[in-house]
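Accompanying notes for the structure given below.
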Amino acid sequence: MGTKAVSLLSRWLAAFCLPFAGVTGISANEFRTPSISAIRVEWRAALDQLRTEISSQPAITSRFTFAGRARLPTGDPRAPPALVQLNAINSPMFTGIGNSPVPVLLPFDTAAYLDAEARGTRHPAVSRYQADFRPVDVFHAGPSGYDAVFSLEPDDGPSRTFARPVEVQITGSVLVYDLADPLGGKGQPVRTLAAQFPDIRRFIREGYVRYAFTRFGVPYVVSIQCLDSAPRPRRLACREAYPVAERFLKALRIAGGQPARPRFDIPSGIAERPAAASADFTYRPSGDIIARSGARRRGGHADLAVYSQIRFPLERAPVLVSSQQFGTRKSGDRIGVYPWRDNFCEARSFQVGQCAAGFGHQGQDIRPAPCPPNSGAESACHPRKQAVVAVRDGVVIRSLKQQAATLQINTGNEHIRFRYMHMNPSAMDADGVLNGRRLAEGEKFGVVSNYLDFPNGTSYHLHFDVQVFTRDGWIWVNPYTTLIASYERLIRGRGREIGTQPPAVAAVAHALPQNILRQVAR
């Protein structure tokens, strides 16, 4: 490498790295916790809207006591009587609704429901009062906000090719993860909804059509999983999802929630790791994927964030985190358990905004350690006998027959999801691992399997991924560093990073102009 090229590269590295060194004050490969912004909720505006919604049915207005605006100073954690009354009315249908520190917007017309009850004409089907959406599949409220999943039967919506119920998700959160997100904040206005939601924007991102808006200072996102393609019987097209989502949005009303004490931003800090070194655990740097395995031949995504202090998702060690798509012969790694290698941005057809190519794997492949030589097929070390466990206390999001299960976490300092894939759907159905099921950290709820859309659709392994809530909704982030830290706690030893370049330098290299890289290559 020439002196001029070295000097040029040094100036570029200084320009990119120095600002980060000044902010963090730590070494480039230190694991960090995420930075999270807290939202201040405008409860007085929420009460005004609730009053307007209730007054549409004068016969039931007297059931609610509205405190005057002067009696609800900003930041007052005491719930006004009207909210206490609203939570009591709706809690039988939406358990724990009063736990939400943000106004709960749902497609449920409380005023119409109570008016019909007062007249003795209440319809037995709750769907009658929520724009024909079925009774809620999942409702989970906690210190960081709420999440809900509703479904619309094919016969109740516009004419569609898709033959199954359409699932609609909504999240309102007082916590927003601060991601470096070049795709964030984009979208197009929706004129038919502009009067109700002035700042609403619609966009397709990471396999979902999303409608993001702000109300009462709170970010809300409504989303439907879909394909940006022609309609198919087994895959919902996004163009078919638009009218369903807009029907849902037009039906949104305040259904509950109550003020909590003001929240504060959570700054990034150094992640906890064992002090003692492991005798054998080694891993390659975050973002260091197998050469030429990335979509469009782009590289990985270096991410040193430990997004949550989790229990490792497999019951016992040793295990291997490595590619299932690209074999060890292609990777150059020795066959065995270590070193681990990142595969978050490997080439797939899935949209992943954190990957340079815009597409990737979404998560990490985890395999139990191989059986010793000459061990029988029924040996206890066989992958199909390796227990999968809950990484935290949480609530399950999963419908019948799905081979994936999502664990929703909602606490005072995090709003995060963990998804497990390729598990046996029949076994999970039989064990009741379904929408709303609560799991305790470390609780077994399945075994490593090989399901895709059918048995033997993939190799025996667990696909594990992480989503965090942003103003664009739930976004996939690289779980590799989070898994390293959790595995270190499982084996009670700190791993050793091996490889040729620190992840921070790898990330900078992807940003360097090509003329600089060509000079360095010479």
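Each number in my numbering comes from the position in the sequence shown (counting from 1) with 4 added on.
The beta carbon of each residue, even a glycine, is placed where N, CA and C say it ideally should be.
| Asked | Found |
| --- | --- |
| Whole-angstrom C-beta distance between D369 and Q328, which should lie under 8 Å | 4 Å |
| As assigned by DSSP and simplified to three states, the class of E250 | helix |
| Assigned exposure category for E121 - 16 Cβ within 10 Å defines buried | exposed |
| Reduced DSSP category for Q53 - H, G, I as helix; E, B as strand; rest coil | helix |
| Spatially closest choice to L324 from V142, L183, C375 and G211, by CA coordinates | C375 |
| C-alpha gap between P267 and D476, whole angstroms | Reading the sequence as shown, one finds Arg at residue 267 and not Pro. The alpha-carbon atoms of R267 and D476 are separated by roughly 21 Å. |
| Which of helix, strand or coil DSSP assigns to D4 | The structure shown does not extend to residue 4, since the chain is modelled only from 5 through 526, so no value can be given for it. |
| Close beta carbons around S441, own chain, < 6 Å, minus the five adjacent residues each side | According to the sequence displayed, residue 441 carries Arg and not Ser. So the qualifying residues of the chain are V400. |
| From A184, Y212, I294 and V178, residue whose alpha carbon lies closest to that of T218 | V178 |
| Cβ separation of K190 and F207, assumed to be a contact under 8 Å, to the nearest whole Å | 6 Å |
| Three-state secondary structure assigned by DSSP to Y342 | coil |
| Delimiting residues of the alpha helix (DSSP H) encompassing D119 | T114 to R123 |
| Start and end residues, beta strand (DSSP E) containing V481 | G477 to V481 |
| Exposed unless 16 or more other CB atoms sit within 10 angstroms - verdict on D292 | buried |
| Start and end residues, alpha helix (DSSP H) containing R214 | Here R214 belongs to no alpha helix (DSSP H); instead the beta strand (DSSP E) covers Y212 to R219. |
| Helix, strand or coil at R301 [DSSP, three-state] | helix |
| Own chain, CB closer than 8 Å to A532, minus 5 neighbours either side, in chain order | With the chain covering only 5 through 526, there is no way to say anything about residue 532. |
| C-beta atoms of N103 and Y150 nearer than 9 Å | yes |
| Classification of P139 by the beta-carbon crowding that lies within 10 angstroms, buried from 16 upward | exposed |
| Residue range of the beta strand (DSSP E) that includes T281 | Correcting the residue type first, residue 281 is Ala in the shown sequence and not Thr. Element bounds for A281: A281 to Y287. |
| Beta-carbon separation (whole angstroms), F154 vs V172, contact threshold 8 Å | 5 Å |
| Collapsed DSSP secondary structure at S131 in the structure displayed | helix |
| Residue range of the unbroken beta strand (DSSP E) whose run includes P372 | G367 to P372 |
| For A309, the residue or residues it bridges with in DSSP | R36 |
| Where the alpha helix (DSSP H) containing P429 begins and where it ends | P429 to A434 |
| Proximity of Q53 and I258 at Cβ, strictly below 9 Å | yes |
| 7 Å CB neighbourhood of G357 in its chain, flanking five on each side removed | D185, L187, R209, E210 and I479 |
| Given 8 Å, three or more beta-carbon pairs between the region 315-324 and the region 481-500 | yes |
| Proximity below 9 Å, CB of F98 to CB of P85 | no |
| Counterpart residues of G260 in DSSP-defined beta bridges | V108 |
| In DSSP terms, what G176 is bridged to | Y150 and Y224 |
| Beta-carbon proximity list for H467, same chain, < 7 Å, skipping 5 on both sides | G367, D369, M425 and H426 |
| Close beta carbons around S41, own chain, < 7 Å, minus the five adjacent residues each side | V180, D182 and D269 |
| First through last residue of the alpha helix (DSSP H) which encompasses Y484 | Y484 to I495 |
| Whole-number beta carbon distance between G364 and R352, since they are thought to touch under 8 Å | 6 Å |
| L156, DSSP secondary structure in three states | strand |
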